[in-house]
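Its first residue numbered 5, the sequence shown is counted upward by one per residue in my numbering.
All remarks here apply to the structure that follows.
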Amino acid sequence: MLGILCGIISAIRRGKFIDNLITFVSTIGLGAPQFWLGIVGIYIFGMRLGWLPLSGYVAPTENFGQYIFYGVMPILILSFSLLASVARQTRSNMLEVINQDYIRTARANGLAEKSVIYKHALKNALIPVITTIGLQVRVVVGGSLMVEQVFNIAGIGTLIVSAINGRDYMVVQGCVFVISVFTILVNFVIDLLYGFVDPRIRKSWR
Numbered sequence: 005m006l007g008i009l010c011g012i013i014s015a016i017r018r019g020k021f022i023d024n025l026i027t028f029v030s031t032i033g034l035g036a037p038q039f040w041l042g043i044v045g046i047y048i049f050g051m052r053l054g055w056l057p058l059s060g061y062v063a064p065t066e067n068f069g070q071y072i073f074y075g076v077m078p079i080l081i082l083s084f085s086l087l088a089s090v091a092r093q094t095r096s097n098m099l100e101v102i103n104q105d106y107i108r109t110a111r112a113n114g115l116a117e118k119s120v121i122y123k124h125a126l127k128n129a130l131i132p133v134i135t136t137i138g139l140q141v142r143v144v145v146g147g148s149l150m151v152e153q154v155f156n157i158a159g160i161g162t163l164i165v166s167a168i169n170g171r172d173y174m175v176v177q178g179c180v181f182v183i184s185v186f187t188i189l190v191n192f193v194i195d196l197l198y199g200f201v202d203p204r205i206r207k208s209w210r
């Protein structure tokens with residue numbers, strides 16, 4: 005949601021300072037390795053400012069508050085590149101849509117700018133963005149190995165690597181199965197969102 009919001013702001017403020025700032029931060033997010041971002045985050049927010057813990061994990065059943073506290077920085081680092089990708093995709097689609105004739109017609113008819121952007125332009129720009137989000141799910145579930153290593157978290161990425169090194173193929177198959185099932189379910193939800201966003205797709209289903 006934050007990536008979509010940043011993309012919208014960047015598109016409607018094209019060429020302004022906020023657009024340049026979001027584009028700059030998105031470029032860093034797309035190009036910087038996750039382990040480097042993790043090390044920088046640990047140094048700034050953990051060592052220098054002391055706001056967040058350096059590493060570790062607390063189960064939610066043990067202490068939910070500490071679970072959130074320890075998860076803030078790893079989640080931010082893991083989602084930073086995904087947020088940047090969604091923001092760039094949303095910006096590109098919004099710039100293409102807001103230059104269409106029907107958007108100019110909506111503005112000429114006196115519709116409020118918020119209605120034009122969020123009700124008419126955004127819905128037509130969301131289809132490629134939803135597809136991008138769906139493709140990134142498997143990265144979030146199984147591709148977090150670097151973040152897990154930096155923050156010393158025993159996640160599924162670390163488990164897969166340990167199982168491969170130990171030739172424990174049953175564990176590898178189980179992890180791949182979990183990731184695959186989760187990815188399939190998300191793709192199913194994405195297909196449903198297509199119809200929710202674009203009424204033309206709902207009509208084609210009928």
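No residue lacks a Cβ here, since even glycine has one placed at the ideal position from N, Cα and C.
query, result
"Report the rounded CA-to-CA distance for Thr109 versus Thr135, giving the unit in angstroms.", "28 Å"
"Is the beta carbon of Val144 sitting closer than 8 Å to the one on Leu189?", "no"
"Of the residues Ile13, Gly54, Val154, which one's Cα is nearest the Cα of Val90?", "Ile13"
"Considering only their Cβ atoms, is the gap separating Tyr61 from Tyr74 smaller than 8 Å?", "yes"
"Is Ala112 helix, strand or coil when you go by DSSP?", "helix"
"Which runs of the alpha helix (DSSP H) spanning at least 4 residues fall entirely within the segment 74 to 160, listed in chain order?", "105 to 112, 126 to 146, 149 to 155"
"Could you tell me the alpha carbon to alpha carbon distance between Leu149 and Gly161, rounded to whole angstroms?", "5 Å"
"Would the beta-carbon of Thr94 fall within 8 Å of that of Gly35?", "no"
"Please tell me whether Val176 and Ile164 are closer than 8 Å, where the distance is taken between their beta carbons.", "yes"
"Is the distance from the Cβ of Pro132 to the Cβ of Asn156 below 8 Å?", "no"
"Between Leu53 and Gly170, what straight-line distance do the alpha-carbon atoms span, to the nearest angstrom?", "39 Å"
"Given a threshold of 16 other Cβ atoms within 10 Å of its Cβ, counted over all protein chains shown, does Val151 qualify as buried or as exposed?", "buried"
"Along the chain, where does the alpha helix (DSSP H) that runs through Phe181 open and close?", "173 to 201"
"According to DSSP, is Gly60 part of a helix, a strand, or is it coil?", "coil"
"Along the alpha helix (DSSP H) that carries Ala36, what are the first and last residues, could you check?", "Note, Ala36: premise wrong, no alpha helix (DSSP H); not H, not E."
"Going by C-alpha distance, which of Gly50, Leu25, Gln140 is nearest Leu216?", "With the chain covering 5 to 210 only, the question about residue 216 has no answer from this structure."
"Is the CB-CB distance between Gly33 and Phe84 below 8 Å?", "yes"
"Return the residue from the list Trp55, Ser184, Asn191, Ile107 that minimises the CA-CA distance to Ile16.", "Ile107"
"For Ala63, count the other beta carbons within 10 Å of its own beta carbon; 16 or more makes it buried, fewer makes it exposed. Which is it?", "exposed"
"If you reduce the DSSP assignment to three classes, tell me which class Leu163 lands in.", "helix"
"What number of angstroms, rounded off, separates the C-alpha of Asn191 from the C-alpha of Ser59?", "32 Å"
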